[in-house]
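This report concerns only the one structure given below.
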Amino acid sequence: MSNTAVSPRRWWALGALVLSALIIGLDGTIINVALPTLSGELGADGAQLQWIGGGYLLALSAAMLPIGLLGDRYGLKRVLLVGMAIFGLASAAGILADSAGQVIAVRAVLGLGAAMIMPLSLAILPRIFGPDEVPKAVATWTAATALGMPIGPVVGGWLLNHFWWGSIFLFNIPVVALALVASAVFLPADPKRVRATAARVPVDVLGVVSSALGITALVYGTILVPQDGWGSPLVLGTLLGGAVLLVGFGLRQRRFAHPLVDLGLFADARFRWGTLIAVFVNFAVMGILFVVPQYLEGVLGNDALGTGLRVLPLIGGLLVSATLSETLVPRFGARVVISVGLALLGAGALLGAGTDGGSGYGFTATWLGLAGLGFGMAVVPATSMVMGSLPTGNTGSGASLLETVQQVGGVLGVAVLGSVLNAGYLDRLVVTGLSEPAVDAARESLSGAGAVAAQTHDPVLLASAHDAFIHGMDLVLLVCGAIALVVAAFAAVHLPGEAEDTPAPTLPAPAPAHGELLA
135 MSNTAVSPRR
145 WWALGALVLS
155 ALIIGLDGTI
165 INVALPTLSG
175 ELGADGAQLQ
185 WIGGGYLLAL
195 SAAMLPIGLL
205 GDRYGLKRVL
215 LVGMAIFGLA
225 SAAGILADSA
235 GQVIAVRAVL
245 GLGAAMIMPL
255 SLAILPRIFG
265 PDEVPKAVAT
275 WTAATALGMP
285 IGPVVGGWLL
295 NHFWWGSIFL
305 FNIPVVALAL
315 VASAVFLPAD
325 PKRVRATAAR
335 VPVDVLGVVS
345 SALGITALVY
355 GTILVPQDGW
365 GSPLVLGTLL
375 GGAVLLVGFG
385 LRQRRFAHPL
395 VDLGLFADAR
405 FRWGTLIAVF
415 VNFAVMGILF
425 VVPQYLEGVL
435 GNDALGTGLR
445 VLPLIGGLLV
455 SATLSETLVP
465 RFGARVVISV
475 GLALLGAGAL
485 LGAGTDGGSG
495 YGFTATWLGL
505 AGLGFGMAVV
515 PATSMVMGSL
525 PTGNTGSGAS
535 LLETVQQVGG
545 VLGVAVLGSV
555 LNAGYLDRLV
565 VTGLSEPAVD
575 AARESLSGAG
585 AVAAQTHDPV
595 LLASAHDAFI
605 HGMDLVLLVC
615 GAIALVVAAF
625 AAVHLPGEAE
635 DTPAPTLPAP
645 APAHGELLA
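135 is the number of the first residue of the sequence shown in the numbering used here; add one for each residue after it.
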């Protein structure tokens, strides 16, 4: 009897999952270019604009852990389809929103839908592919997620240039509808035992609440950092409170008979090191994607469309290395490929840290491509390693844990790297002779300095701001590169070798036959 491991339908199923991952990656950044428009059209103030993005991050980060448990207990496909429906309905509501408060609410619901789609679409991959094809599927899924981030501003800029602001929500609907229908048709049905198991096993409600509150506090604290600074009592209190809640949550999980998160997964070296590497790779790449678009737009003078297109060498490198990893991992082993990938990522970032005022886009494209090559060589085998370590029936919880740690680590990382960028910028910026309001605007951001320079016709200020920003960006890339190289050294020593990869991962039972695929 045929299953998806030998059926062409598995590639259609992968296409549906990739489409959903792409729209999530794209939606996470498309809103950025729409913020000035929302400010003008809806009268959103600075705090509201901050929460249009922050509400999405909070919902996405806090909801992923319990979502994984729901998927394992009630069916990965069932919960994934619900998540897609929520995302589509929230997008439809966004079109009808007529106030900043309504847009914030819509973005929070979109974050909830994304929290259901991201980990569960990843968790389904080992169920529809055999162990030999899981790395290829993970590579394709990862590329789609990463591709959405730089493409978001491109699509958003084009839509806003041709249509009204609600088009950024309208764009989601046909894509999500197609992914929803394709997933319903091509994904294998959930095992019948899932519903019966869910009815017997109690849910750790206190664990759900404490983990959600802890993660929310951490993310909320980092959202406040750019406005209040690391020394703010509110920031420090929120971050400390979040950390305490999560420590308490972890201690409870060790004693609870049916934990929300199986911390025993970290006893497996493949899960432990694969997750750690994925987190640090995500940290470095998020740092790159944080500073490079600002450099391309604020220093080199590209618009949103041009900026998005010029970030694509990073994604091109990822696509190349994701394809190569299928051949390299079986030949050299995951330890070697991941270590080399991390080294290439670090080398690319360190090369980028040499950017100066005379560097053009050709130099940027070169080091972005090298970093993207390393990104793919590290993250794809690491993610495959994590997914291969998960036991049957626990792929949803395991994938949710991986995605949650990556998400929170990325948010914290951007906050830290944002502080590094700001310190480097302020250290080099020259504001002699400017009025106090002009000084404040110039010190606030590169775009603020550009606006002041344009108003005062001051080319010296503009040149100083460009030089200062490049200095801050170089510091950020230096940190990212150093971290990648340190993790590469650890990976070369601590990652399990081929002999330690056994026993083989316990993957879910073979997918149902063709007739059941339509269920």
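Glycine is no exception: its CB is placed at the ideal position from the N, C-alpha and C atoms. It should be emphasised that the depicted structure is a prediction, and the values quoted were computed from it without experimental measurement.
Assigned exposure category for residue i - 16 Cβ within 10 Å defines buried
i	result
T498	buried
E570	exposed
D490	exposed
R144	buried
W298	exposed
N528	buried
H605	buried
Q540	buried
S233	exposed
T409	buried
F466	exposed
L368	exposed
P308	exposed
Q182	buried
P287	buried
A456	buried
G371	exposed
A483	buried
L504	buried
A438	buried
A116	Missing from the structure shown is residue 116; the chain here goes from 135 to 653 and no further.
G398	exposed
N306	buried
Residue i, DSSP secondary structure in three states
i	result
D574	helix
A231	coil
V565	coil
A178	coil
D266	coil
W364	coil
N528	coil
F383	helix
H628	helix
P308	helix
V213	helix
P393	coil
G300	coil
L293	helix
A616	helix
L580	helix
N556	helix
P325	coil
G247	helix
L430	helix
G440	helix
V605	According to the sequence as given, residue 605 is His; it is not Val. DSSP places H605 in helix when its eight states are reduced to three.
P642	For P642, the predicted structure reports a pLDDT of 36, less than 50, and the residue's modelled location is therefore unreliable. A value from the coordinates is still provided. Coil, per DSSP.
D206	helix
V288	helix
V445	coil
D592	coil
G435	coil
D161	helix
Check: residue i C-beta below 7 Å from any heavy atom of the ligand GTP
i	result
L373	Looking for the ligand GTP in the displayed structure turns up nothing, as the structure carries no ligands at all.
Query raised in the report: Between the segment 598-613 and the segment 559-577, do three or more beta carbon pairs fall short of 8 Å?
Result: yes
Query raised in the report: Do the segment 274-284 and the segment 222-236 make contact, defined as three or more Cβ pairs closer than 8 Å?
Result: no
Query - the segment 193-202 contacting the segment 529-536, beta-carbon criterion three pairs below 8 Å - result: yes
Report task. Could you tell me whether the segment 164-178 touches the segment 203-219, where touching means 3 or more Cβ pairs closer than 8 Å? Result -> no
**Report entry** Continuous alpha helix (DSSP H) assignments of at least 4 residues falling wholly in the segment 454-509
**Finding:** 468-486
Query raised in the report: Pairing CB atoms from the segment 346-353 with CB atoms from the segment 314-323, are three or more of them under 8 Å?
Result: no
**Report entry** Sufficient close CB pairs (3 or more, under 8 Å) joining the segment 622-631 to the segment 462-481
**Finding:** yes
Query raised in the report: Taking contact to mean at least 3 C-beta pairs separated by less than 8 Å, is the segment 386-397 in contact with the segment 412-429?
Result: no
Report task. Answer yes if the segment 251-263 comes into contact with the segment 206-217, meaning at least three C-beta pairs across the two stretches below 8 Å, and no otherwise. Result -> yes
Query raised in the report: Are three or more beta carbon pairs between the segment 503-521 and the segment 264-279 nearer than 8 Å?
Result: yes
Query raised in the report: For the segment 181-196 against the segment 233-251, are there 3 or more C-beta pairs whose distance is under 8 Å?
Result: yes
Query - the segment 353-366 / the segment 542-554 touching (three or more Cβ pairs under 8 Å) - result: yes
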